[in-house]
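Residue numbers (our numbering), protein chains in the order written: chain A, 11 to 420; chain B, 11 to 420.
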């Protein structure tokens, strides 16, 4: 017997035909004694349609005062898909029951539209599983201590599924998606990218942080916390995907690095000719933090020791650029900087792997691969299990391919 | 200060423009110290759209096995309208909060899609009212003892509003509808019909039972139980409507009868030439009861005392006719009846009024009015506060007008 939580996203349940297909697929794979929980998102465009309704009331429905009501509105999306999927199971003769996030005991904080799961009390789910039912659960939602509906932030349905799997002590959490697993690089860019059989939570987190889009970091963190294997696999095929877990079970999957990640959502800001006095860095970065802008790579270089003048260079998300420019222009005036430069044609390429700790030459190999591809490195940053290089955005494809070849050629 | 529950139906909140208009109207009438609870139905066609989705899973979504999931699906309809109405109040600067049936503490039995309210625990509503908020509540729904959503039967939103008004000890429950009150007869048929200022629960119940469609009997019963005045009024005007209450407050509204009701949803079945032996009636009517068919008027007449042969004539709802015919044909064979006749062109006209108890001539006056209109009476039945006559359906308009003239001419 296995207890498995399976998560299907909005595109997998976009129509009633697709909902019937999901039910059929699950029943086709189910052994009689298996206990199954299915977590689903809202059908295809439902969420957009609900937001459009709210815009009929106010053009800006995400104002702070509206957020609780937006959650009341948006949670109906999953409530529709769960009821239809439960009916689909019943149509095929399988007892099933749908439960909202609140009914499943998903307790969240009260940060409406960006909630975080605090706790899950899966008593009702266990009760229904023990009656032989498939339990269909609304992803992306829970309820706060008042009992008010709260939707989770980006990637919230994955988080619901993994957290529920943890609370149920499930054998595995399967995330069905439009790709068939985690690859050693983005297969749309690198033709020779390999699907991994396994990857550790830590590596997956680092890959996600560095731009690999398949899983949101939050879900991987929750999987890690509960130590639940997360199986990322395709909605459209039966093939085994990639299992994210604590440690490898297979010796032969060992590589120096696990994958090459990249991120195009990067912009660079350089503040040149700054007096190198104590507190300058604090002034700049606390102003950005106050504007809720995350800074990624930071380099400070002493240009002229005599005059004690420094340059401050850092990267942010491209989407934060116009806001950041405003903040920095103000600061630059205050601190008497000579120039502020903005560069949008940048991207980040990274290698990730727990194996690199014991392999000193890994970073050098990466730099060599970039040099051979004629790619200049602008900034370098490292963590315990990753090395990242900021490069010209227009050279990203060559860079990723060259680095991937270096580590994954046979 | 007044605590008032106001109920708006689906057509009043069919679009976001209409939702904004409802909010504006309520705020326009609200005194600063008033406490207001608004009960709303699902927007216009939402329920039909949700049912269409369910039909995408199974052509017969109202099979018993699906009913719980249908409730999970259908309760989203009101959840959408309450969130939008709460946002509309906030847009106009009025603090407001939406609550589902379950959050309001509407406890129901577990008869999915046809639930009955067992109890209401309005703690959360009172809490929010005391914070100065308008509370927007999802009508037509509650939750059973498992916490599962349950929709109420026909007229359920009215029932929600009246029951909530009762639980809150409200001063009044206002039902906003597309007519501006209760009339002494259907104004579409009787041009001189008068709007009543007041009517008692008992009379309104009898009117509803005898075909007056404005209020469902269940809501009136609940109002009677809690002794909450129900004010039936128009969504489209500010005029006072009709108040349903325990006893009249105004002497001058006294008439012998309160109104003329009529019902076209009637069919007549006659079983002729039945042996008049004990148990025959029981056989016929228990067979109908087993098929869940309600019988209204019943007449048994001895045709031939010598042969001890009787005729059994009764009326049912027209919509039950084909089912009833099948049941009766079987019984007729068993009991050796000579003929079964079915008559569809029938209708019922009734007068209702608590005043008739003390006025012996009331029934005779009604029969006289029908005779003058050339209307033949087929069956007569009476209750303490009503007299009903079965007549030809094609003569209904003349009949209702003549009876109404008799009692309401100046």
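Quick reminder that beta carbons are idealized off the backbone N, C-alpha and C, glycines included.
Subject >> Any beta strand (DSSP E) of 3 or more consecutive residues that is wholly inside the stretch 179 to 235 of chain A >> reply: As far as the stretch 179 to 235 of chain A is concerned, its whole beta strand (DSSP E) runs of at least 3 residues are 182 to 187, 208 to 210.
Subject >> Selection from 177(A), 202(A), 165(A) that minimises the alpha carbon distance to residue 185(A) >> reply: By one-based count along the first chain, residue 185(A) stands at place 175. Answer by Cα proximity: 165(A).
Original post:
Using a beta-carbon distance below 7 Å, is residue 26(A) in contact with chain B?
Top reply: Walking along the first chain from the start, residue 26(A) turns up at place 16. Closer than 7 Å to the CB of residue 26(A) there is at least one CB belonging to chain B.
Original post:
So, using beta-carbon positions, are residue 238(A) and residue 176(A) closer together than 7 Å?
Top reply: Taking the first residue of the first chain as position 1, residue 238(A) is located at position 228. Taking the first residue of the first chain as position 1, residue 176(A) is located at position 166. Yes, the pair counts as a contact, with Cβ atoms nearer than the cut-off.
Subject >> Sequence-distant residues of the same chain with beta carbon closer than 7 Å to residue 364(A), five excluded per side >> reply: Along the first chain, read from residue 1 onward, the residue named residue 364(A) stands at position 354. Scanning its chain for C-beta atoms nearer than 7 Å, with the 5 sequence neighbours on each side dropped, one finds around residue 364(A) the residues 210, 212, 213, 395, in chain order.
**OP:** Decide if residue 130(A) is buried, meaning its Cβ has at least 16 other Cβ atoms within 10 Å, or exposed.
**Re:** Residue 130(A) sits at position 120 when you count from the first residue of the first chain. It is buried - the Cβ of residue 130(A) has at least 16 other Cβ atoms within 10 Å.
Original post:
Where do the N-terminal and C-terminal ends of the alpha helix (DSSP H) with residue 348(B) fall, by residue?
Top reply: Counting from 1 along the second chain, the entry for residue 348(B) is found at position 338. Counting along the chain, residue 348(B) falls outside any alpha helix (DSSP H), and DSSP gives it neither H nor E.
Original post:
When the cut-off is 7 Å and only beta carbons count, does residue 100(A) lie next to chain B?
Top reply: Your numbering for residue 100(A) matches position 90 in the first chain. Yes, its Cβ sits closer than 7 Å to a Cβ of chain B.
Original post:
In chain order, what residues of the same chain have a beta carbon less than 7 Å from the beta carbon of residue 391(A), not counting five sequence neighbours either side?
Top reply: As a first step, residue 391(A) is located in the first chain; it is residue number 381 there, counting from the start. Annotation for residue 391(A): 307, 398 place their beta carbon closer than 7 Å to its own, counting only its chain and skipping 5 residues before and after.
Original post:
Of all the CB atoms in chain A, is at least one closer than 7 Å to the CB of residue 262(B)?
Top reply: Your numbering for residue 262(B) matches position 252 in the second chain. In this predicted model, residue 262(B) has a pLDDT of only 46, less than 50, meaning its place in the structure is not dependable enough to derive any value.
Original post:
Would you say residue 82(B) faces chain A, with C-beta separation under 7 Å as the test?
Top reply: Position 72 of the second chain, counting from 1, holds the residue named residue 82(B). Yes, its Cβ sits closer than 7 Å to a Cβ of chain A.
Subject >> CB contact below 7 Å: residue 138(B) versus chain A >> reply: Against the second chain, residue 138(B) aligns to sequence position 128. Cβ-Cβ to chain A under 7 Å: no for residue 138(B).
Subject >> Coil, strand or helix - residue 404(B) by DSSP >> reply: By one-based count along the second chain, residue 404(B) stands at place 394. Under the three-state reduction of DSSP, residue 404(B) is assigned to helix.
Original post:
Quick one, which of 183(B), 240(B), 181(B), 284(B) has its alpha-carbon nearest residue 208(B)'s?
Top reply: In the second chain, the residue the question calls residue 208(B) occupies position 198. Proximity to residue 208(B) across 183(B), 240(B), 181(B), 284(B) peaks at 240(B), based on C-alpha coordinates.
**OP:** Pull up the distance between the alpha-carbon of residue 262(B) and that of residue 198(B), whole angstroms please.
**Re:** Translated into the one-based positions of the second chain, residue 262(B) becomes position 252. Translated into the one-based positions of the second chain, residue 198(B) becomes position 188. Below a pLDDT of 50, predicted positions are generally treated as unreliable, and residue 262(B), at 46, falls in that range; no measurement from the model is reported.
Subject >> Residue-level contact to chain A via CB, residue 46(B), 7 Å cutoff >> reply: For the purposes of this step, residue 46(B) is taken as the residue at position 36 of the second chain. Cβ-Cβ to chain A under 7 Å: no for residue 46(B).
Original post:
How about residue 49(A) and residue 17(A): are their beta carbons less than 7 Å apart?
Top reply: Indexing the first chain from 1 puts residue 49(A) at position 39. Indexing the first chain from 1 puts residue 17(A) at position 7. Yes, the pair counts as a contact, with Cβ atoms nearer than the cut-off.
Original post:
Does the count of Cβ pairs from the stretch 122 to 137 of chain B and the stretch 107 to 119 of chain A closer than 8 Å reach three?
Top reply: Segments in contact, no.
Original post:
Does residue 388(A) come within less than 7 Å of chain B when only Cβ atoms are used?
Top reply: What you label residue 388(A) is simply residue 378 of the first chain in a count that begins at 1. Closer than 7 Å: no.
Subject >> Members of the stretch 58 to 73 of chain A near chain B, C-beta cut-off 8 Å >> reply: Of all residues in the stretch 58 to 73 of chain A, 60, 63, 64, 66, 67, 68, 71 have a Cβ within less than 8 Å of some Cβ in chain B.
Subject >> C-beta contact flag for residue 276(A) and residue 336(A) at 7 Å >> reply: In the first chain, the residue the question calls residue 276(A) occupies position 266. In the first chain, the residue the question calls residue 336(A) occupies position 326. The Cβ-Cβ distance between residue 276(A) and residue 336(A) does not fall below 7 Å.
**OP:** Would you be able to state if there are at least three C-beta pairs under 8 Å between the stretch 154 to 163 of chain A and the stretch 178 to 196 of chain A?
**Re:** Touching, no, given that fewer than three Cβ pairs across the two stretches are closer than 8 Å.
Subject >> residue 93(A) vs residue 53(B) beta-carbon contact at 7 Å >> reply: Start at 1 with the first residue of the first chain, and residue 93(A) comes out as number 83. Start at 1 with the first residue of the second chain, and residue 53(B) comes out as number 43. Contact flag unset, no.
**OP:** Just the chain A side, please: which residues come within less than 8 Å of residue 92(B) by C-beta, in chain order?
**Re:** As a working mapping, residue 92(B) is identified with position 82 in the second chain. Close to residue 92(B), with beta-carbon spacing below 8 Å, are these residues of chain A in chain order: 82.
**OP:** Look at the alpha carbon of residue 101(A) and the alpha carbon of residue 27(A), and state the distance between them as a whole number of angstroms.
**Re:** Translated into positions along the first chain, residue 101(A) becomes position 91. Translated into positions along the first chain, residue 27(A) becomes position 17. One Cα belongs to residue 101(A), the other to residue 27(A), and the distance between them is close to 13 Å.
Original post:
Apart from the five residues just before and just after residue 245(A), which ones in its own chain have a Cβ nearer than 7 Å to its Cβ?
Top reply: Numbered from 1 along the first chain, position 235 holds the residue referred to as residue 245(A). Cβ within range, chain order: 18, 22, 186, 187, 188.
Subject >> Collapsed DSSP secondary structure at residue 262(B) in the structure displayed >> reply: Along the second chain, one-based indexing puts residue 262(B) at 252. At residue 262(B) the pLDDT is 46, less than 50, meaning the model places this residue with poor confidence; the figure from the coordinates comes in the next sentence. Helix.
**OP:** Tell me whether residue 292(A) is buried or exposed, calling it buried when 16 or more other Cβ atoms sit within 10 Å of its Cβ.
**Re:** Within the first chain, numbered from 1, the residue matching residue 292(A) stands at position 282. Exposed, since its Cβ has fewer than 16 Cβ neighbours within 10 Å.
**OP:** For the stretch 146 to 170 of chain A, enumerate the residues whose C-beta is nearer than 7 Å to any C-beta of chain B, in chain order.
**Re:** Under the 7 Å Cβ criterion, the stretch 146 to 170 of chain A contributes 157.
Original post:
Are the Cβ atoms of residue 206(B) and residue 267(B) separated by less than 7 Å?
Top reply: Residue mapping note: residue 206(B) aligns to position 196 of the second chain, counting from 1. Residue mapping note: residue 267(B) aligns to position 257 of the second chain, counting from 1. Cβ atoms of residue 206(B) and residue 267(B): not closer than 7 Å.
Subject >> Chain-order list of residues whose beta-carbon lies under 7 Å from that of residue 339(A) (same chain, five-residue window excluded) >> reply: Along the first chain, one-based indexing puts residue 339(A) at 329. Taken in chain order, the residues that qualify are 350.
Subject >> Per-residue contacts from residue 118(A) into chain B (C-beta, under 8 Å) >> reply: On the first chain, residue 118(A) is found 108 positions in, with the first residue counted as 1. Neighbours of residue 118(A) on chain B: none; closest Cβ ~15 Å, over 8 Å.
Subject >> Any chain B beta carbon closer than 7 Å to residue 96(A) >> reply: Position 86 of the first chain holds residue 96(A). So yes, residue 96(A) belongs to the interface.
Subject >> Neighbour list for residue 113(B) in chain A, Cβ cutoff strictly below 7 Å >> reply: For the purposes of this step, residue 113(B) is taken as the residue at position 103 of the second chain. Under the 7 Å cutoff, chain A gives 157.
**OP:** Compare the beta carbon distance of residue 88(A) and residue 96(B) with 7 Å and say whether it is the shorter of the two.
**Re:** If you number the first chain from 1, residue 88(A) lands on position 78. If you number the second chain from 1, residue 96(B) lands on position 86. The criterion of a C-beta distance shorter than 7 Å is not satisfied by residue 88(A) and residue 96(B).
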